[in-house]
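Going by my numbering, the sequence shown runs without a break in its numbering and finishes at 672. No residue lacks a Cβ here, since even glycine has one placed at the ideal position from N, Cα and C.
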Amino acid sequence: MELVIELFLAITALAIVLNIVFKIFEIPTIIGYIVAGVCFSQIYSLSSVENAHMSELAEFGIVFLMFTIGLEFSFHHLMSMKKDVFFNGILQVLGTGIILALIIDQAFGGNIKTVMIIGLALALSSTAIVLKTLNETGEINQNYGRKVLGILLFQDLAVIPILLMIDIFGSTDSTPVNYLILKTAVSAAIVVVILFVLGKFAFNRFLYYVVRTNSKEIFIATILFTVVGASFLAHVFGFSYTLGAFIAGMLIAETEYKHEIEADLTPFRDILLGLFFITIGMQINFEVIVSHYGLILLAIIVIMALKTVVIYAILFLSTGKRIALKAALSLCQIGEFALAIFSLLMSRDMLSKENGQILITVVTATMILTPFILKNLNKIANRFESKVEKLEDEEHKTQIPPMKNHIIVAGYGRIGQEVVLRLKDQGLLYVVAESDLELVDLGKSRGENIYFVNIMQKTAIDELHARDASVIILTIANQQKLDIVAKMLNGSNLKANIIVMHTGADPQSELQSEYGENFIFVKKERVVANALLQEALKCKLTQ
130 MELVIELFLA
140 ITALAIVLNI
150 VFKIFEIPTI
160 IGYIVAGVCF
170 SQIYSLSSVE
180 NAHMSELAEF
190 GIVFLMFTIG
200 LEFSFHHLMS
210 MKKDVFFNGI
220 LQVLGTGIIL
230 ALIIDQAFGG
240 NIKTVMIIGL
250 ALALSSTAIV
260 LKTLNETGEI
270 NQNYGRKVLG
280 ILLFQDLAVI
290 PILLMIDIFG
300 STDSTPVNYL
310 ILKTAVSAAI
320 VVVILFVLGK
330 FAFNRFLYYV
340 VRTNSKEIFI
350 ATILFTVVGA
360 SFLAHVFGFS
370 YTLGAFIAGM
380 LIAETEYKHE
390 IEADLTPFRD
400 ILLGLFFITI
410 GMQINFEVIV
420 SHYGLILLAI
430 IVIMALKTVV
440 IYAILFLSTG
450 KRIALKAALS
460 LCQIGEFALA
470 IFSLLMSRDM
480 LSKENGQILI
490 TVVTATMILT
500 PFILKNLNKI
510 ANRFESKVEK
520 LEDEEHKTQI
530 PPMKNHIIVA
540 GYGRIGQEVV
550 LRLKDQGLLY
560 VVAESDLELV
570 DLGKSRGENI
580 YFVNIMQKTA
590 IDELHARDAS
600 VIILTIANQQ
610 KLDIVAKMLN
620 GSNLKANIIV
630 MHTGADPQSE
640 LQSEYGENFI
650 FVKKERVVAN
660 ALLQEALKCK
670 LTQ
């Protein structure tokens, strides 16, 4: 017990200090956790059993993440994404996996069955890092974000047949393949039926009685039991914990309590995700890096480049170039499930320890690079765009006709779209500023008065005729960008009332002293389009 407390204090202190330092340089917290894991593994030498226990606990970070993602999707919603999940997902996993397997076979040889499993494992991407980042920035609701989510969902499903392949190819008994496949199909049906019946008919009614107790402790305990129970049920039948959690989340999405549940589970999710990323850092072996740095570097470049090209080619057939490029870059890393697959291959003597460590190092390195790629996704996409696409940018950037007493909506994300809908219902004069071309195209297809404008630049004030506007509503999902725009507008001495949604606990009292009297801050967690619009209408009436 004393050793456990000592280890917990050491790793927590290390992670906190590193993330404080990294935050100064705007380095994502995910990297801080991974680096903490690297340092921790060099200071403490844990046994394989202790490492396994820690990894199992950390996996529940992904479980809670997938549960909260499931809360955003009903079965109806999932079926509306069937092309993204099944068509794009199948093409991506099989296409990337087969190409990588062929490259490995030609370069290194080996057992073709093991090589095929390795290729498919390398085709998987990181659900934990990508979805966490897209959720934080709000870009999960953009077109490319939904493409990414669809492919990631199929990848989670693809883990099941990959594990089945390991059982079949690594089995020493004479169990027929047909029996194993039938067993998996029956197990899948049982899991879905049990979770669907319990969730659809029993859980909603049970949750009603739990809520009537007016006890927060009982409510949270019930939700924790539901998440872990659904995950365990899926695991018992041979599936991943995360799949059970996602299905449970989709079922609860049909209830009226989903928003409260999501808010209550967020702290558990974030803490366990931090532990998960620490265990990723602990996988790095510096002896392997020193011995095979050339091969590791080459593998990182080839795999990430190949995945980007394959995913771009698949999505380019059905969507815009920019959406395809951003989705491809978001998924170019190798995922956490690959680590589990390689560990299982080594335990079955289907993969040597040395080659396994090389692959684990490659996986970890691509995961470390991912937060930087996602943070600079638009910059990278802009750099890779062709001259034709740059000309398209200029076409979008048409001059906005002069207007007065209008309302400016900065950002055409989910909330921005709802605000615009309400403004149209009221018959008010408005203009939308958006720097994401796919959202500009979406707005234009709906007949919105939307323009391609970089609101972060001071020139946007003149482009949008902001000095003659009555109200400016900032609905930008990315908090960092939002702060930059708010400060820029604050220093421009505008007469317009400026409404800002913010993440602070009480943003109006916390930030009012830093901004002018014409700034109105609305708490982001509670913001809805109606609330923003009501503030805007009040401001307009006082003009």
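Check whether residue i and residue j have beta carbons under 9 Å apart
i	j	result
ALA377	SER369	no
VAL600	ILE536	yes
GLN544	ALA606	Note on identity: in this sequence residue 544 is Ile, with Gln being the wrong assignment. For ILE544 and ALA606, yes; Cβs fall inside 9 Å.
ILE413	GLY620	no
ALA625	ARG596	yes
PHE406	TYR162	yes
GLY279	VAL214	yes
CYS461	ILE489	no
LEU473	LEU292	yes
ILE381	ILE390	yes
ALA252	LEU229	yes
LEU444	LYS276	yes
ALA539	THR604	yes
PHE348	ASP393	yes
LEU263	SER564	no
THR499	VAL259	yes
VAL320	GLY373	yes
ASN647	ALA598	no
ILE295	ARG477	yes
ALA467	ALA250	yes
LEU136	VAL164	no
ILE219	PHE283	yes
ILE432	ILE470	no
ALA139	TYR173	yes
VAL340	TYR386	yes
ILE246	PHE189	no
TYR541	LEU571	yes
TYR580	ILE529	yes
GLY449	CYS168	no
LYS261	LEU402	yes
LYS504	PRO157	yes
GLU417	GLN486	The sequence given here places Val at residue 417; Glu does not occur at that position. Taking 9 Å as the Cβ cut-off, VAL417 and GLN486 qualify as a contacting pair.
ILE233	VAL222	no
LEU623	ILE590	yes
PHE397	LEU353	yes
HIS676	GLN608	Residue 676 lies beyond the residue range present for the chain, which begins at 130 and ends at 672; the question has no answer from this structure.
Presumed contact (8 Å Cβ cut-off) between residue i and residue j, rounded CB distance
i	j	result
GLU465	SER170	Not really, about 17 Å apart at Cβ, beyond 8 Å.
LEU593	VAL560	6 Å
GLY199	PHE375	4 Å
VAL549	GLU577	6 Å
TYR337	LYS455	Going by Cβ atoms, the distance from TYR337 to LYS455 rounds to 42 Å, so no, they are not a contact pair.
LEU558	MET532	6 Å
LEU98	VAL582	A query on residue 98 cannot be resolved here, the shown segment of the chain reaching from 130 to 672 and no further.
LYS436	THR225	6 Å
ALA350	LEU324	20 Å between Cβ atoms; not a contact.
THR313	GLY367	7 Å
Residue-chain proximity (residue i, chain B), Cβ-Cβ < 9 Å
i	result
ILE310	Of the protein chains in the structure, only one exists, and it is not chain B.
Beta bridge counterpart(s) of residue i as assigned by DSSP
i	result
ALA494	Its beta-bridge partners do not exist; DSSP assigns none.
ALA539	ALA562 and LEU603
PHE648	ILE627
Legend entry - Ranges of the alpha helix (DSSP H) found wholly within the region 408-483, counting only runs of at least 4: If we require 4 residues or more, the alpha helix (DSSP H) runs fully inside the region 408-483 come out as 415-420, 422-445, 450-459 and 465-476.
Legend entry - Segments of 3+ residues assigned as beta strand (DSSP E) that fall wholly inside the region 548-594: Counting only runs of 3 or more, we get 559-563 and 579-581.
Legend entry - the region 423-430 contacting the region 486-502, beta-carbon criterion three pairs below 8 Å: The region 423-430, when compared against the region 486-502, does touch it at the 8 Å Cβ threshold.
Inset, instruction - Would you be able to state if there are at least three C-beta pairs under 8 Å between the region 262-269 and the region 473-490? - result: Contact fails: fewer than three Cβ-Cβ distances are below 8 Å.
Inset, instruction - Write down every uninterrupted run of the alpha helix (DSSP H) in the region 231-272 whose length is 4 residues or greater and which is fully enclosed by it, in chain order. - result: The qualifying runs are 241-252 and 256-266.
Inset, instruction - Kindly confirm or deny that the region 435-444 and the region 186-197 touch, where touching means at least three C-beta pairs closer than 8 Å. - result: Touching, no, given that fewer than three Cβ pairs across the two stretches are closer than 8 Å.
Legend entry - Minimum length 4: unbroken alpha helix (DSSP H) runs contained in the region 329-412: Runs of the alpha helix (DSSP H) inside the region 329-412: 333-341, 345-365, 370-381 and 387-410.
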